[in-house]
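Have a look at the structure below before the remarks.
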Amino acid sequence: MSQPYQKYICRTCGLIYDEELGDEDSGLAPGTRFEDIPDDWYCPLCLVSKDDFVLVDTTKKVSSDQPKRKVSNKADVLIIGSGYAGWQAAEAIRKENSDAVITLLTADDGMVYPKPALSMALSQNKTPDDLPEATANQKGAELDLGVKVRTKVMSINTQRKKVMTTTGSFSYKKLILATGAKAMAPKVEGDAAHEIVTINDLTAYKKFYKALKGVQKVTLIGGGLIATELAEDLRAFGVEVDMIVRGSHLMSQIMPEAISHNLEAKLRERGVNLIFNSEVKEMNKSENGYVLKTDQGETFDAQLVLAAIGILPNIALAKKAKVETNLGICIDANCQTNVQDVYAVGDCAEADGVVQAYLEPIRRQVKALASHAYGDSSERFEVLPTLIKTKTPSLSIMLSPPLHATHGQWELNMNVGENQRLHYTVDGEVSGFALSGEFVTSANKLYKELYSA
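Okay, so the sequence shown: first residue is 292 according to this note's numbering, each after it adds one.
Shown next, in the form of structure tokens:
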């Protein structure tokens with residue numbers, strides 16, 4: 292009798308590899324056992340290695356009934372922020388120095404959860420309560436650090452190396468800013484504009500999930516990566532979707548028009564109503580919900596309005612402390628700011644004029660930071676094009692858009708039905724690519740050919 296199929300979860304993004312289903316996009320047929328997966332296979336969502344997957348323990352529960360660990364107000368390393376970057380920084384520091392006194396401050400509950408799962412939870416029949424992997428106390432115990440939750444940082448004195456918060460002051464030897472980013476809200480007039488929903492963390496997702504109860508149609512503002520993933524997720528959940536996009540095609544900043552058109556056709560087949568070249572200008576309450584008005588003179592009835600138009604790095608705290616900022620908090624190859632012993636990582640950080648709000652760059656950032664803080668500085672962060680897998684079940688897509696899309700252009704390299712390969716070229720040199728359909732299986736190899744030393 293064969294062993295029952297098992298599931299393995301990516302510790303980085305929360306994606307589950309189900310042996311019964313396999314991963315056909317990566318060439319793994321249904322029924323492929325995890326132990327039989329080649330060692331060079333990578334997570335199809337966040338691209339970490341096979342070693343970053345662990346067996347799913349169905350008996351494990353996330354419980355708040357954990358003893359609180361002592362929080363030191365005199366830390367060797369003080370971390371502000373409990374998102375992916377904050378916890379990854381804590382792990383990297385702990386690997387470099389087992390004795391360092393680490394304190395993490397967070398304005399929320401510090402719950403550990405896979406953020407990429409927010410745009411695919413509905414289709415997987417997961418409630419917000421299914422997403423957390425550990426409480427702040429559980430993660431703190433694992434890393435032997437103190438966590439101060441529900442604590443808002445008011446100011447930073449970089450000369451005295453002190454941080455003032457709503458629960459007291461904390462001193463540090465090294466400070467890590469992992470303040471993340473906030474969801475952008477569209478500039479909309481009307482008496483209901485303040486009721487537009489945005490999602491950028493688990494707390495916001497819980498509010499959205501609650502508001503979704505009984506709703507048959509969601510009007511989605513935005514046409515980028517997250518908006519597109521949310522549209523697919525909502526349709527899989529059985530909710531009708533009106534998607535109002537300012538541009539002429541989906542993901543116009545990172546994806547070539549040829550692949551966008553194929554994806555758009557797939558979405559329309561699934562029932563997503565796409566409205567392009569249109570921008571919501573007014574939102575007012577109505578008897579049955581809301582009425583939206585666009586700059587094209589169109590009107591749409593809506594029950595729930597969700598906006599996903601991008602994020603803005605949280606830099607106010609750094610700016611107030613005289614730390615250099617631009618779009619994000621400016622960092623060097625060691626992830627250090629212009630102020631000695633003050634570092635920044637994650638969605639709030641900017642290197643070489645670029646903010647990379649993806650998991651893979653964050654993993655490289657924290658390695659560089661920890662190496663500089665407690666190692667030999669052998670690890671240095673380099674801004675590289677990111678490899679992105681879209682969570683769009685209707686069409687498999689892998690992208691590595693150029694860091695700076697200037698005077699280059701997308702050129703079709705191969706086209707077989709919905710299977711497409713395009714290169715972004717500048718003066719004949721390839722600086723990015725986009726793959727769809729069966730061609731996504733070659734993404735990792737192509738990426739290494741282009742960007743490996």
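A virtual CB, placed ideally from N, CA and C, is assigned to each residue, including glycine.
Straight-line Cα distance separating residue j from residue i
i, j, result
"N706", "R712", "7 Å"
"E729", "S340", "21 Å"
"A744", "H663", "Reliability fails at A744, whose pLDDT of 49 lies under 50, so the model's placement of it is uncertain and the value that follows must be treated cautiously. Their backbone Cα atoms lie some 22 Å apart in a straight line."
"V582", "S539", "23 Å"
"L541", "E720", "25 Å"
"N617", "F325", "44 Å"
"K439", "P295", "42 Å"
"N735", "R441", "41 Å"
"S253", "D632", "The displayed coordinates of the chain run from 292 to 744. Any statement about residue 253 would go beyond what the structure contains."
"Y649", "E433", "25 Å"
"F499", "D492", "11 Å"
"P423", "D400", "11 Å"
"W332", "S317", "8 Å"
"V506", "G580", "10 Å"
"M402", "Q587", "42 Å"
"I622", "A635", "7 Å"
"K430", "P405", "14 Å"
"K365", "A640", "25 Å"
"H552", "T590", "25 Å"
"V731", "S577", "45 Å"
"Y265", "L409", "Here the chain covers residues 292 to 744 and nothing more, so residue 265 does not appear."
"D309", "S293", "16 Å"
"D420", "T494", "11 Å"
Extent of the continuous beta strand (DSSP E) run through residue i
i, result
"W701", "Q700 to V707"
"S577", "V571 to S577"
"E720", "E720 to S727"
"D533", "E531 to I535"
"T394", "I393 to L396"
Sub-7 Å separation of residue i and residue j beta-carbons
i, j, result
"Y738", "S691", "yes"
"G601", "G471", "no"
"G437", "T397", "no"
"L468", "A609", "yes"
"I490", "A612", "no"
"E486", "A661", "no"
"M689", "K680", "yes"
"A599", "A518", "yes"
"V509", "L603", "no"
"K557", "S722", "no"
"K452", "Y463", "yes"
Test: residue i CB closer than 7 Å to a CB of chain D
i, result
"F591", "Looking for chain D here will not work: only one protein chain is present."
Whole-angstrom C-beta distance between residue j and residue i, which should lie under 8 Å
i, j, result
"K473", "N605", "6 Å"
"V488", "L319", "Rounded, the Cβ-Cβ distance is 36 Å, inconsistent with contact."
"E709", "S727", "6 Å"
Residue range of the alpha helix (DSSP H) that includes residue i
i, result
"I550", "E548 to E560"
"V347", "No alpha helix (DSSP H) contains V347, which DSSP labels as neither H nor E."
Touching by the beta-carbon criterion (3+ pairs, under 8 Å), the region 363 to 370 and the region 296 to 309:
Two segments are said to touch when three or more pairs of C-beta atoms, one from each, lie closer than 8 Å; by this definition the region 363 to 370 does not touch the region 296 to 309.
Could you tell me whether the region 664 to 680 touches the region 406 to 425, using the rule of 3 or more Cβ pairs below 8 Å?
Cβ pair count under 8 Å is below three, so no.
Does the region 652 to 659 touch the region 373 to 389, meaning 3 or more C-beta pairs lie closer than 8 Å?
They touch, by the three-pair rule.
Using 8 Å as the threshold, is the region 565 to 574 in touch with the region 519 to 537, meaning 3 or more CB pairs across them?
Yes, since at least three Cβ pairs between the region 565 to 574 and the region 519 to 537 fall closer than 8 Å, the two stretches touch.
Counting Cβ pairs, one atom from each stretch, are 3 or more of them under 8 Å apart for the region 452 to 462 and the region 547 to 567?
No, they do not touch.
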